[in-house]
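In what follows, a structure is listed as structure tokens, so that the remarks can point back to it.
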Amino acid sequence: MDEKVAKLGDMIAGASRIVAFTGAGISAESGIPTYRGEGGMWTKYDPSIYANIDYFMQDPSYYWSFFHDVRYDVLRKARPNPAHMALAELEKRGKLTAVITQNIDGLHQLAGSCNVLELHGNTRNIYCLGCSARYTIDDVHEMLKKSNPPPCPRCSGMLRPDVVFFGESLPEDTLARATEESENCDLMLAVGSSLVVYPAAWLPERAKKSGAGLAIINRGPTPLDSIADIVIDASAGEVLSAAVPGGPDP
Ligand code: APR
Ligand code: ZN
1241 MDEKVAKLGD MIAGASRIVA FTGAGISAES GIPTYRGEGG MWTKYDPSIY ANIDYFMQDP
1301 SYYWSFFHDV RYDVLRKARP NPAHMALAEL EKRGKLTAVI TQNIDGLHQL AGSCNVLELH
1361 GNTRNIYCLG CSARYTIDDV HEMLKKSNPP PCPRCSGMLR PDVVFFGESL PEDTLARATE
1421 ESENCDLMLA VGSSLVVYPA AWLPERAKKS GAGLAIINRG PTPLDSIADI VIDASAGEVL
1481 SAAVPGGPDP
């Protein structure tokens, strides 16, 4: 593994327009469960009920019980891990132009990354479909103690998380910016994603086709391994903190 990490370090040192493409695996070491594979969220909660827009609009109480019982506590406790910090450090040094993430946990921003393109939104932001009032996860957790689903305190309207449910399209502007970043980078780091969900998973392919190097850092195989310049099957935190020379400044 060391040899591969050293090669990745050289690729990072030689690049000047790096883009990171991240998935749930980069937050696993922050205590946030991934979706697929052993113990994944979708092995316990059926996404067609808990993460589907039609089901949510029909009966939002399922989603809010999942939020109350599972999501809230994990989000509240989660802190960025060395993988998030390493990417923020690369941006600080002017070597990384964007983090494109499928994650909805907001940990890249908490780590100090500025240009974060959230393809699937951010579950920390909750808003009212009636009056657009915005609430935090703490606000809604309090409301859920009284009623599920939680009515908007301002207009009694329906609240929803600012995430992309299955059955919804990705935010156009964010996807357009992510596509442009992918087509103009000289190295794409695909970190902690099974790379099976489209259109997001097109982006590492677009980067490679546009001439960028492609490094995949993921526990377990992905469908894009065959087109990658390097595949490191190991923990994102370990690999990135070793591959980013000098690590985050103290
Ligand atoms: N380091 C590196 N990789 C890891 C780690 C780790 N510490 N822990 C887990 N992984 C790997 C898993 O083996 C898995 O291959 O991270 C990958 C996470 O894959 P998924 O759970 O499928 O998550 P992701 O690729 O982000 O899913 C994409 O699917 O359900 C939707 O909207 C959801 O954004 C999500 C999208
Ligand atoms: Zn309202």
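According to our numbering, the residues represented by the sequence shown are 1241 to 1490, in order.
Backbone N, C-alpha and C fix where the C-beta goes; we use that ideal spot for every residue, glycine too.
All figures in this text were calculated on a predicted structure; none of them were measured in a lab.
Original post:
Roughly how many angstroms separate the alpha carbons of S1288 and Y1295, rounded to a whole number?
Top reply: Start at 1 with the first residue of the sequence shown, and residue 1288 comes out as number 48. Start at 1 with the first residue of the sequence shown, and residue 1295 comes out as number 55. Taking the straight line from one Cα to the other gives about 7 angstroms.
Subject >> Secondary structure, beta strand (DSSP E): runs of 3+ residues fully inside the segment 1393-1472 >> reply: Inside the segment 1393-1472, DSSP marks whole beta strand (DSSP E) runs of 3 or more residues at positions 1399-1403, 1427-1431, 1453-1457 and 1470-1472, from first to last along the chain.
Subject >> Other residues of its chain near G1249: CB distance less than 8 angstroms, five sequence neighbours each side excluded >> reply: By 1-based counting over the sequence shown, the position of residue 1249 is 9. Only A1482, A1483, V1484 and P1485 meet the Cβ criterion.
Original post:
Would the segment 1327-1347 and the segment 1413-1433 be scored as touching if the rule is three or more Cβ pairs under 8 angstroms?
Top reply: Segments in contact, yes.
**OP:** Could you tell me how far apart the beta carbons of G1397 and I1293 are, in whole angstroms, since I believe they sit closer than 8 angstroms?
**Re:** Sequence index remark: in the sequence shown, residue 1397 carries index 157 (1-based). Sequence index remark: in the sequence shown, residue 1293 carries index 53 (1-based). With 8 angstroms as the limit, G1397 and I1293 do not qualify as a contact, their Cβ atoms being about 17 angstroms apart.
**OP:** Determine the DSSP secondary structure at G1280, reduced to helix, strand or coil.
**Re:** For the purposes of this step, residue 1280 is identified with residue 40 of the sequence shown, where counting begins at 1. Note: G1280 maps to coil in three-state DSSP.
**OP:** Just the C-alpha distance for S1475 and P1439, rounded to the nearest angstrom, thanks.
**Re:** Counted from its first residue, the sequence shown places residue 1475 at position 235. Counted from its first residue, the sequence shown places residue 1439 at position 199. Spanning the two alpha carbons is a distance of roughly 25 angstroms.
**OP:** Please say whether S1270 and A1318 have beta carbons closer to each other than 7 angstroms?
**Re:** By 1-based counting over the sequence shown, the position of residue 1318 is 78. By 1-based counting over the sequence shown, the position of residue 1270 is 30. Their beta carbons are under 7 angstroms apart, which means A1318 touches S1270 by this criterion.
Original post:
Which stretch, first to last residue, makes up the beta strand (DSSP E) that contains I1340?
Top reply: Sequence index remark: in the sequence shown, residue 1340 carries index 100 (1-based). For I1340, the enclosing beta strand (DSSP E) covers residues L1336 to T1341.
**OP:** Indicate the three-state DSSP secondary structure (helix, strand or coil) for L1359 in the structure shown.
**Re:** Counted from its first residue, the sequence shown places residue 1359 at position 119. Three-state result, L1359: coil.
Subject >> Proximity to L1443 [Cα-Cα], best of A1418, S1434 and P1320 >> reply: For this step, residue 1443 is matched to residue 203 along the sequence shown. Of the listed residues, the one whose Cα sits closest to L1443 is A1418.
Subject >> C-beta atoms of I1212 and H1360 nearer than 7 angstroms >> reply: In this structure the chain extends from 1241 to 1490, so residue 1212 is not present and cannot be described.
Subject >> Opening and closing residue of the alpha helix (DSSP H) in which V1314 lies >> reply: Locating residue 1314 in the sequence shown gives position 74, where the first residue counts as 1. Residue range Y1312 to K1317 is occupied by the alpha helix (DSSP H) that includes V1314.
Original post:
When DSSP labels each residue in this structure, what does V1259 get in the three-state scheme?
Top reply: Locating residue 1259 in the sequence shown gives position 19, counting from the first residue. Judged by DSSP in its simplified three-state form, V1259 adopts strand.
Original post:
Can you name, in chain order, every residue of its own chain whose Cβ lies under 6 angstroms from the Cβ of I1472, other than the five neighbours on each side?
Top reply: The residue labelled residue 1472 in the question sits at position 232 within the sequence shown. Within its own chain, the residues whose Cβ lies closer than 6 angstroms to the Cβ of I1472, once the five positions on either side in sequence are excluded, are K1244, I1457 and V1479, listed in chain order.
**OP:** For the alpha helix (DSSP H) holding H1381, just list the boundary residues, first then last.
**Re:** Here residue 1381 is taken as the residue at index 141 of the sequence shown, counted from 1. Taken as a continuous stretch (DSSP letters only), the alpha helix (DSSP H) holding H1381 covers I1377 to K1386.
Subject >> Cβ-Cβ separation, P1391 to W1304 (assumed contact under 8 angstroms), whole Å >> reply: As a working note, residue 1304 is residue 64 in the sequence shown. As a working note, residue 1391 is residue 151 in the sequence shown. That belief does not hold up - the Cβ atoms of W1304 and P1391 are roughly 11 angstroms apart, past 8 angstroms.
Original post:
How long is the line joining the alpha carbons of G1432 and K1247, rounded to whole angstroms?
Top reply: For the purposes of this step, residue 1432 is taken as the residue at position 192 of the sequence shown. For the purposes of this step, residue 1247 is taken as the residue at position 7 of the sequence shown. Taking the straight line joining both Cα atoms gives about 19 angstroms.
Original post:
Considering only C-alpha positions, which residue in the set L1327, V1259 and L1435 is nearest to T1274?
Top reply: Taking the sequence shown and counting its residues from 1, the one referred to as residue 1274 is at position 34. Nearest to T1274 by alpha-carbon distance, out of L1327, V1259 and L1435, is L1435.
Original post:
Is any heavy atom in the ligand APR found nearer than 6 angstroms to the beta carbon of V1310?
Top reply: Here the question's residue 1310 lines up with position 70 in the sequence shown. Checking every heavy atom of the ligand APR against the Cβ of V1310, none is found closer than 6 angstroms.
Subject >> Check: G1334 C-beta below 6 angstroms from any heavy atom of the ligand APR >> reply: Numbered from its first residue, the sequence shown carries residue 1334 at position 94. Not under cutoff, so the answer is no.
Original post:
Are the Cβ atoms of I1470 and A1455 separated by less than 7 angstroms?
Top reply: Residue numbering aside, residue 1470 sits at position 230 when the sequence shown is read from its first letter. Residue numbering aside, residue 1455 sits at position 215 when the sequence shown is read from its first letter. The answer is yes: Cβ separation under 7 angstroms.
Original post:
Between the C-alpha atoms of C1395 and M1325, what's the straight-line distance to the nearest angstrom?
Top reply: What you label residue 1395 is simply residue 155 of the sequence shown in a count that begins at 1. What you label residue 1325 is simply residue 85 of the sequence shown in a count that begins at 1. Their backbone Cα atoms lie some 40 angstroms apart in a straight line.
Original post:
Is C1371 near the ligand ZN, judged by its Cβ being under 6 angstroms from some heavy atom?
Top reply: For this step, residue 1371 is matched to residue 131 along the sequence shown. For C1371, the Cβ falls inside the 6 angstroms cut-off from some heavy atom of the ligand ZN.
Original post:
Which same chain residues, not among the five before or five after G1370, have their C-beta less than 7 angstroms away from its C-beta?
Top reply: Numbered from 1 along the sequence shown, position 130 holds the residue referred to as residue 1370. Same-chain partners within the cutoff: C1392, C1395, G1397 and M1398.
**OP:** For P1463, count neighbouring Cβ atoms within 10 angstroms of its own Cβ and tell me buried if that reaches 16, exposed if not.
**Re:** Position 223 of the sequence shown, counting from 1, holds the residue named residue 1463. If you draw a 10 Å sphere on the C-beta of P1463, you find fewer than 16 other C-beta atoms in it, and that means exposed.
Original post:
Quick one: what's got a C-beta closer than 6 angstroms to A1268's C-beta in the same chain, skipping five residues either side?
Top reply: Translated into positions along the sequence shown, residue 1268 becomes position 28. So the qualifying residues of the chain are T1274.
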